[in-house]
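Structure first, then comments.
Numbering (this note's numbering), first residue to last: 119 to 556.
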C-alpha cells in the first residue's frame, strides 16, 4: 500500500541520513565497489567463512583439556590439535560462544571472555581486527548460506559437518549478530547498527525504483542502482529476517504454560504473518533473481569463497554435495566458459534452443538463488530473536528443505519446492536478463 511504501522510504531515508558522511559509510561503499560481484580489482575488506560439525563443549571442559594437552609429559599438543582428536578428528580452530537467552547459568564475565577469545582468533585469521564485528558476522552467515545454495560440499574444509550442523551454526551466529548490533551502538558507532537495520528497507525502496515506469535503466547511474539492488539482495533478505521477523511487541503472541510443579514455562511463539519478509518476499525474490543474472554475467558459477585449506572454489570442478542433482546439459551456465558475455551488453541475449524453454536455458544460473530463496523462506517461518528453544529441530527442518532443493530434478520441481507458484516463467526470465544486463 501507499502507506507501507512511505514508511519503508522514511526508514530507508533515516538510515541514509545517519550514514551520510560517516567513516562507516565510506568503508561500506569501498567494500561494495570491490565486492566479489563488483568490477573493482583488489578488495579493501576481507571476511571469513566458518563451517561447523556441530559439536558442543562446555568452555570449562575445553580449558581443562587445553591445559592437560599443553602439560602432557610425553606428548604435549596444541590447543586445536587436542581439540581435533576429541572432535572425531574434525579440524577446528575456534569456539563460537553459545549462551541460551533463558536457561544459561554461565557468568557474564565468562561470556565476555569467550567472545574476546573468539574475536581475537578472527583478527589473527584476517591479519587485522575487522572494521566491524557485526558486519563480519553477517557476511560470515551470508557466505555460509551462499555456499550451501551452490551445493558446495562444506566438509572439505574441516573433514566433517552436515547441513544441519552448519544451519545450527548460522542460527547461533544470527543470535550473536543481534547482540553485536546492540553493542555496535556503544562500542563501534551508531551508524554501523543503523546500516544493518535499515538495509532491508533501502533494498525494498530500491526494488520499487528500478521497477518503476519512469526508471531509465540506460543511464550510468541507473545501471549502478540496478547492480546495487542485485548485489544487496542476499544480505538484505538476511537482515530483514534477523531484525524484522517479529512484531514491534515481540512477545504479544507468546504464551505461558505451567507444568505439574506449578512453575512457568515459556511456549515458543511463531513469527507473525505481518513480518517484513512475508509482506515483501516477492520483492526479495525479484532481487535474488536479478542477483542470479548479474552473477552469471560476471562468469560466477559458484560462491567464490576460498576454503581454509587454500582451495579456491572459483574452479569449475568445485566439489558438490553428494545429494546435489546434476542438471548439466543445456543451461546457459554450462556454456559460460565458452561465451561469458552471452548475457551482457544492451541486446546480446542468448536465444534458447527449440528443444527447451527460456526458463530451462537459464536454469543452471538461476538454481543457486532460487535455492537461497527457499532457505530464506523457511528461515523466516520459524526464526524469532530470543527464542532459541528448539533450535536443533529448526536446523533439521532447514537442512531438509535444502536437501529437497538439491534433489530437485529440474528447475520446475525446484520452483515448487521453493513455493514460487504465483510468478510466471516469463517474469523470472525478464528479471534474470535485467540483472545480467545491468
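Even for Gly, the Cβ is constructed at its ideal location relative to N, Cα and C.
Pair within 8 Å by beta-carbon distance, residue i and residue j
{"i": "residue 502", "j": "residue 516", "result": "no"}
{"i": "residue 132", "j": "residue 316", "result": "yes"}
{"i": "residue 554", "j": "residue 487", "result": "no"}
{"i": "residue 266", "j": "residue 281", "result": "yes"}
{"i": "residue 422", "j": "residue 445", "result": "no"}
{"i": "residue 130", "j": "residue 320", "result": "yes"}
{"i": "residue 412", "j": "residue 318", "result": "no"}
{"i": "residue 496", "j": "residue 519", "result": "yes"}
{"i": "residue 270", "j": "residue 437", "result": "yes"}
{"i": "residue 406", "j": "residue 533", "result": "no"}
Whole-Å CB distance - residue i paired with residue j, under 8 Å assumed
{"i": "residue 290", "j": "residue 214", "result": "6 Å"}
{"i": "residue 549", "j": "residue 408", "result": "5 Å"}
{"i": "residue 357", "j": "residue 314", "result": "6 Å"}
{"i": "residue 294", "j": "residue 303", "result": "So it is not a contact: roughly 16 Å between Cβ atoms."}
Backbone CA spacing between residue i and residue j [nearest angstrom]
{"i": "residue 528", "j": "residue 537", "result": "15 Å"}
{"i": "residue 352", "j": "residue 208", "result": "30 Å"}
{"i": "residue 305", "j": "residue 395", "result": "29 Å"}
{"i": "residue 544", "j": "residue 231", "result": "54 Å"}
{"i": "residue 262", "j": "residue 340", "result": "30 Å"}
{"i": "residue 346", "j": "residue 506", "result": "33 Å"}
{"i": "residue 171", "j": "residue 278", "result": "6 Å"}
{"i": "residue 189", "j": "residue 514", "result": "39 Å"}
{"i": "residue 333", "j": "residue 325", "result": "11 Å"}
{"i": "residue 126", "j": "residue 363", "result": "15 Å"}
{"i": "residue 134", "j": "residue 128", "result": "10 Å"}
{"i": "residue 286", "j": "residue 508", "result": "11 Å"}
{"i": "residue 443", "j": "residue 531", "result": "12 Å"}
{"i": "residue 539", "j": "residue 546", "result": "11 Å"}
{"i": "residue 184", "j": "residue 193", "result": "13 Å"}
{"i": "residue 212", "j": "residue 236", "result": "6 Å"}
{"i": "residue 292", "j": "residue 337", "result": "38 Å"}
{"i": "residue 511", "j": "residue 307", "result": "36 Å"}
Best match in the options for proximity to residue i [C-alpha to C-alpha]
{"i": "residue 206", "options": "173, 288 and 322", "result": "173"}
{"i": "residue 558", "options": "176, 175, 177 and 203", "result": "Because the chain in this structure spans residues 119 to 556, residue 558 falls outside the shown range and cannot be described."}
{"i": "residue 167", "options": "199, 225 and 240", "result": "240"}
{"i": "residue 552", "options": "525, 244, 184 and 404", "result": "404"}
{"i": "residue 439", "options": "523, 512 and 393", "result": "523"}
{"i": "residue 223", "options": "178, 330, 335 and 257", "result": "178"}
{"i": "residue 323", "options": "387, 398, 196 and 253", "result": "398"}
{"i": "residue 344", "options": "337, 359, 297 and 328", "result": "328"}
{"i": "residue 360", "options": "273, 259 and 420", "result": "259"}
{"i": "residue 299", "options": "253, 264, 288 and 335", "result": "253"}
{"i": "residue 414", "options": "402, 355 and 484", "result": "484"}
- Message: Give the list of continuous alpha helix (DSSP H) stretches no shorter than 4 residues that lie fully inside the region 194-253.
- Response: 197-204 and 226-244
- Taking the runs of the alpha helix (DSSP H) that are 4 residues or longer, which of them lie wholly in the region 488-553? 509-525 and 529-535
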